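Using the numbering used here, the first residue of the sequence shown is number 735, and each one after it goes up by one.
C-beta: ideal position from N, C-alpha, C; glycine also.
Keep in mind the model is a prediction, meaning the values are calculated, not measured.
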Amino acid sequence: MSSFPRPNSAGPRLMLLLLLAVAVGHWFIATRAMRDKSTTSDEIAHITGGYTFNHWNDYRLHPENGFLPQRWQALPTVLAGARYPDQAGELWRTSHVWLLGYEFFYRMGNDPGRILRDARAMNAIFGLLTILLVAAWAHAFFGWPGAVTAALFCALSPTMLAHSGLATSDMAMTLFLLAAVSAWWWHLHDGRRRIWILSAVVFGLACVAKYSAVLLPPIFFLMVLVRILSPSPLVLCGRTFTTRWSQLGALTLSLLGQGLAAVLVIWAFCGFRYSAFNPALPPGNFIVPWADVLDLGRMQAAVIGFCRDWRLLPEGFLYGFAYTLKSVEARGAFLDGAHSLTGWWSFFPKAFLYKTTPALLLALTAGAVLVLVRLRATGLARLRTHLYRATPLLTLLIVYWAVSLPSKLNIGHRHILPTYPVLFIFCGVLGWAAARAWRQSRPAGTVLGGALALLLGGQAASAIGIYPHYLAYFSPLAGGPAQGYKHLVDSSLDWGQDLPGLKHWIDTHRRDGEPVYLSYFGTGEPDFYGIKAVRLPGIFDFRRVHPWYWPEPGVYAISATMLAHVYSPYRGPWTEERERRYQVLRQRDPSFRLLKASPHGHPGLMQDTSPAAWAALWDEYNQLRFARLCHYLRVRTPDDNVGHSILIFRLSAEELKAAVDGSLQDWARLIEQSVKSQP
């Protein structure tokens, strides 16, 4: 890869300014789109953890998602002097980042909107830099037309816009994976010390961006093998290596040296202290004990245990890595109406098709056709040259997909985000082909240029059409965003971001006296946004005890992830066993009503069942009742939606009676009628 040439004429200067404008425009759109969105599930932990890293030099909270992005995103909040919860309490002692984050955002007098806006603006800089790096690669292959084409496809991608605008670690990892393979490839062809140092620093930053950086050493080694197959000699620090064995040895030592440099970067980001717990602060424990996160495969546990025993790496980094490995062993997943704890090989291919714009898919297809046609004219020798130059990109793409396909962590399309820049770079071939055709034949150039303009227009139309709901983008291949909840949920669609939109919907659409029921998936606080609703079962409810309730006709606002019951104990089909248990609990409904009306006025009910047992029975009843309702609602067309992530249902008395109070036959008949009424 080569960097941009020096702008020694007006043309290149204008191109550089255009590319910078594209990148800055992406930053502006991404941050503006998320300006009126509530916190997504992970953001509250990222920002809270980053605050403690920066302000307290303490690494007990959320070390599993990258020290670099969390520090970077929380920097404005630290500088603004935000107030932090008391460190003498149980939440700090137990490192409960989610509850501490809730207190930090909503109970300390801080401005959650400002905290989110600042953190998201910082994160969008990673997206801006990714676009410029994509353009640099495309320029190296396809010149200025290719650079502009690739940058536009990248900047206008709903996927890129969604994750640039969120304070998480996904965009940082996307940037630093691409930057790391780029710098290492540069080092393999330019043995100067400053290039080695650059590569080592970027590798180190990738290691503290996200633990996906564990893929980089094998990627680097594969690139080394490709490099030594090249006939050109290797020059490192002024010394020339001509044989393949000498080159392999020299580059292996170089890679080990970069590993040591990365270790130094990791120690720097953890304050050059082994303990994750600052001794000047109240003591505590990790949210999950070390023994539990080390319950891994023998090799994984042995390596982490060895590094821990000898303190080769900071405790916070080792714990975060172990926590990540443990969390990917099994996790609730949803795909096309099916549930799993171990995922599917088809998850990421389908997620890619569902969440990728038609324009990009067509551009990739057209680019492949152009390359094949070109290769027929130039021969295999030229093919080998191009493949060699693309080694870092192809290695990153192939290795990342090879690891992703069997992954059991099928919770979000975002986990293949690092593969997208390679695709955008490849689209640069269309710009090169159009410019070449224009130089050779104006009619042919007009046709190719027009086709490229249509593809870029299609990419722009996808970005404009879904604005500002970029996380909820789904291709027409999946039925568009309105049908997205049938295919993917969680961070592919519904991450808790649409509470402000729900408040606006209620204010403009709720009828007088109409009750509102809410099942929310996320770490936002509905009360903060003025949402007055009866709370149905939800996730991240922050230990709040909600009043007992009985469903009545009205508005039911249900997060797509809650509708799918991904993380519910009652995920999957509604079985006869669940129906029997539900009917048993329904027989206690009169007792529940008496206890709600007068908790202490019915001593007879307490003779054989304690208050705690009644509360547990109510919770089970409430969960089963909600699950039964959702099984019906999943086949019923929503009456409206908020940002495509919160589905709105207006339920009548007849529907509710059959859905939650009726017999199994009534419930099944209601579902059958709903299915038949579908267009």
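Judged by DSSP in its simplified three-state form, Gly993 adopts helix.
Under the DSSP assignment, Leu1164 falls in the alpha helix (DSSP H) whose first and last residues are Tyr1154 to Gln1174. Under the 10 Å beta carbon count, Lys1266 is surrounded by fewer than 16 other beta carbons and is classified as exposed.
Taking C-beta atoms under 8 Å as the contact rule, Ser916 and Leu867 qualify, at a distance of about 7 Å.
The beta carbons of His1378 and Ala1194 sit no closer together than 8 Å. With respect to Ala889, Gly759 sits close: the two C-beta atoms are nearer than 8 Å. A residue is called buried once 16 or more other Cβ atoms fall within 10 Å of its Cβ, and Arg794 is buried on that count.
Going by DSSP, Val969 is part of the beta strand (DSSP E) stretching over Leu968 to Leu970. Within a 10 Å sphere around the beta-carbon of Ala755 sit fewer than 16 other beta-carbons, which makes this residue exposed. For the pair Ala884 and Ile1159, the CB atoms are nearer than the 8 Å cut-off.
Annotation: the continuous beta strand (DSSP E) that includes Arg1384 extends over Ile1380 to Leu1385. Closest in alpha carbon position to Ala984, among Leu1186, Cys1004, Cys971 and Val1027, is Cys971. Judged by DSSP in its simplified three-state form, Asn1375 adopts strand. Contact between Lys944 and Ser891 fails: their C-beta atoms lie close to 20 Å from each other, not under 8 Å. For Arg973, the enclosing beta strand (DSSP E) starts and ends at Arg973 to Phe975. Between Val958 and Leu939, the beta carbon gap of about 21 Å keeps them out of contact (Cβ cut-off 8 Å). For Asp852, the number of other beta carbons within 10 angstroms of its own is at least 16, and it is reported as buried.
Unbroken beta strand (DSSP E) stretches of 3 residues or longer found wholly inside the stretch 1334-1376: 1374-1376, given in chain order. With at least 16 other beta carbons inside 10 angstroms of its own, Arg961 counts as buried. Using a C-beta cut-off of 8 Å, the stretch 1387-1400 makes no contact with the stretch 1330-1346, since fewer than three inter-stretch Cβ pairs fall below that distance. In the structure shown, Tyr836 falls within a helical segment according to DSSP collapsed to helix, strand and coil.
Only residues of its own chain outside the window of five on either side were considered, and among them Ala940 and Cys941 have a CB closer than 6 Å to the CB of Ala947, listed in chain order. The beta carbon of Tyr1263 sits closer than 8 Å to those of Ser772, Leu1233, Pro1234, Leu1236 and Lys1237, all from its chain and outside the five residues before and after it, given in chain order. Gly991 and Phe937 have their C-alpha atoms some 11 Å from each other.
Scanning the stretch 764-798 for uninterrupted alpha helix (DSSP H) segments of 4 residues or longer gives 777-790, listed from N- to C-terminal end. Inclusion of Leu909 and Phe875 in the CB contact set at 8 Å is not warranted, their separation being larger than that value. Per DSSP, reduced to three states, the secondary structure at Leu963 is coil, with no helix or strand assignment. Boundaries of the alpha helix (DSSP H) around His923: Asp904 to His923. Three or more Cβ pairs closer than 8 Å define a contact, and the stretch 1241-1260 meets that threshold against the stretch 1284-1294. Each of Arg1170, Leu1069, Asn788 and Gln1174 was checked against the Cα of Asn1144, and the nearest Cα belongs to Leu1069. Between the alpha carbons of Ala1111 and Val1163 lies a distance of about 16 Å.
Taking all protein chains shown into account, Pro803 has 16 or more neighbouring C-beta atoms within 10 Å of its C-beta and is therefore buried.
Each residue's CA atom was taken as its position, placing Leu1094 and Pro1345 some 58 Å apart.
Here DSSP, grouped into helix, strand and coil, assigns Leu1117 to helix. Remark: C-beta atoms of Phe955 and Leu989 approach each other more closely than 8 Å.
Taken in chain order, the whole alpha helix (DSSP H) runs of length 4 or more contained in the stretch 1188-1227 number zero.
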